[in-house]
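*Asks:* Quick one: structure below, then a few questions.
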Amino acid sequence: MRKELYQIICDRLSHLYETSEGAHICLKHGEPIPDGARRIVKHIDLWNHNVEFIEQEESWERPAVFVEFVPIRWVAIQPGAEYRAEAQINLHVVTDWSGSVSAGSEFREDGLRVFDLLETIHGVLAGADGDTFMELDLAGSQTNHNHEEIIENIEMYQCVAFRSI
Numbered sequence: 021m022r023k024e025l026y027q028i029i030c031d032r033l034s035h036l037y038e039t040s041e042g043a044h045i046c047l048k049h050g051e052p053i054p055d056g057a058r059r060i061v062k063h064i065d066l067w068n069h070n071v072e073f074i075e076q077e078e079s080w081e082r083p084a085v086f087v088e089f090v091p092i093r094w095v096a097i098q099p100g101a102e103y104r105a106e107a108q109i110n111l112h113v114v115t116d117w118s119g120s121v122s123a124g125s126e127f128r129e130d131g132l133r134v135f136d137l138l139e140t141i142h143g144v145l146a147g148a149d150g151d152t153f154m155e156l157d158l159a160g161s162q163t164n165h166n167h168e169e170i171i172e173n174i175e176m177y178q179c180v181a182f183r184s185i
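Spelled out as structure tokens, the structure:
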């Protein structure tokens, strides 16, 4: 379940582009990248407290999304053979801090753009399903209000997970 869910998240986020006109689009497999378009999410990986040890790790471009699997408590549907769970996945969305977003700040629009990114991510992940999970959807959001050069927003998603042996 975790492998399939991670791969679907990576696939969907890696197909997000911003056009030269500023529109956010999600390309389908094999669809050509429009001229001047650039990937929105530049780095995707598994969560490893990446923000806490940013100076010690290899550098990664931002915006970056790190996928954290919260501990899963499986319920036996058929003991020893089939299990289900309400699984939670935290997406740590890490962006550069653009500056103050106070009224009249020249950085306001750039600083608030991170919330547009979160909406775009939700648009491509909501309702996702696969062979081992279904109904991926937003369950909560948390914004880091104690930041320096980077901002970390945590988008909490949940889904129904299946495991068969």
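In the numbering used here, the protein residues as written are 21 to 185. Even for Gly, the Cβ is constructed at its ideal location relative to N, Cα and C.
Can you tell which of S118, Y177 and R82 has the C-alpha that lies nearest to the C-alpha of V144?
*Replies:* On the sequence shown, residue 144 is found 124 positions in, with the first residue counted as 1. Looking at the Cα atoms, Y177 is the closest of the given residues.
*Asks:* So, at 7 Å on beta carbons, what are the nonlocal neighbours of D116 in its own chain, with the 5 sequence-adjacent residues on each side left out?
*Replies:* Here the question's residue 116 lines up with position 96 in the sequence shown. Contacts found: R82, E169 and I170.
*Asks:* If I follow the unbroken alpha helix (DSSP H) through R32, where does it start and stop?
*Replies:* The residue labelled residue 32 in the question sits at position 12 within the sequence shown. Unbroken alpha helix (DSSP H) run through R32: R22 to S34.
*Asks:* Under 9 Å, do I60 and P54 count as touching if we go by C-beta distance?
*Replies:* By 1-based counting over the sequence shown, the position of residue 60 is 40. By 1-based counting over the sequence shown, the position of residue 54 is 34. Not closer than 9 Å, so no.
*Asks:* Run the CB neighbour count on E172, radius 10 Å, all protein chains shown included, and call it buried at 16 or more, exposed below.
*Replies:* Along the sequence shown, one-based indexing puts residue 172 at 152. The residue in question, E172, is buried, as its Cβ has 16 or more Cβ neighbours within 10 Å.
*Asks:* With a cut-off of 8 Å, do at least 3 Cβ pairs link the region 83-103 to the region 155-165?
*Replies:* no
*Asks:* According to the neighbour-count rule (16 or more other Cβ atoms, all chains shown, within 10 Å of its Cβ), is L132 buried or exposed?
*Replies:* The sequence position of residue 132 within the sequence shown is 112, counting from 1. Exposed, because fewer than 16 other Cβ atoms sit within 10 Å of the Cβ of L132.
*Asks:* Run through the DSSP bridge pairs and tell me what G160 is partnered with.
*Replies:* What you label residue 160 is simply residue 140 of the sequence shown in a count that begins at 1. Partner(s): M176.
*Asks:* Quick one: residues in its chain with C-beta nearer than 7 Å to the C-beta of S184, no 5 flanking neighbours on either side, listed in chain order?
*Replies:* Taking the first residue of the sequence shown as 1, we reach residue 184 at position 164. These residues qualify, in order along the chain: A101 and E102.
*Asks:* Taking only the alpha-carbon atoms, compute the straight-line gap between A107 and R93 and give it to the nearest angstrom.
*Replies:* Residue 107 sits at position 87 when you count from the first residue of the sequence shown. Residue 93 sits at position 73 when you count from the first residue of the sequence shown. Cα to Cα, the separation comes out at about 8 Å.
*Asks:* Measuring straight from C-alpha to C-alpha, what distance separates A96 and N68?
*Replies:* Numbered from its first residue, the sequence shown carries residue 96 at position 76. Numbered from its first residue, the sequence shown carries residue 68 at position 48. Each residue's Cα considered, the two are about 29 Å apart.
*Asks:* Is the Cβ-Cβ distance between L25 and A181 less than 9 Å?
*Replies:* As a first step, residue 25 is located in the sequence shown; it is residue number 5 there, counting from the start. As a first step, residue 181 is located in the sequence shown; it is residue number 161 there, counting from the start. Contact flag set, yes.
*Asks:* Return the residue from the list D149, G124 and V114 that minimises the CA-CA distance to H165.
*Replies:* Residue 165 sits at position 145 when you count from the first residue of the sequence shown. Measuring from the Cα of H165, the nearest candidate turns out to be V114.
*Asks:* Please name the residue in A148, G147, I141 and L111 whose C-alpha comes closest to that of Q186.
*Replies:* The question about residue 186 has no answer, for the chain in this structure spans 21 to 185.
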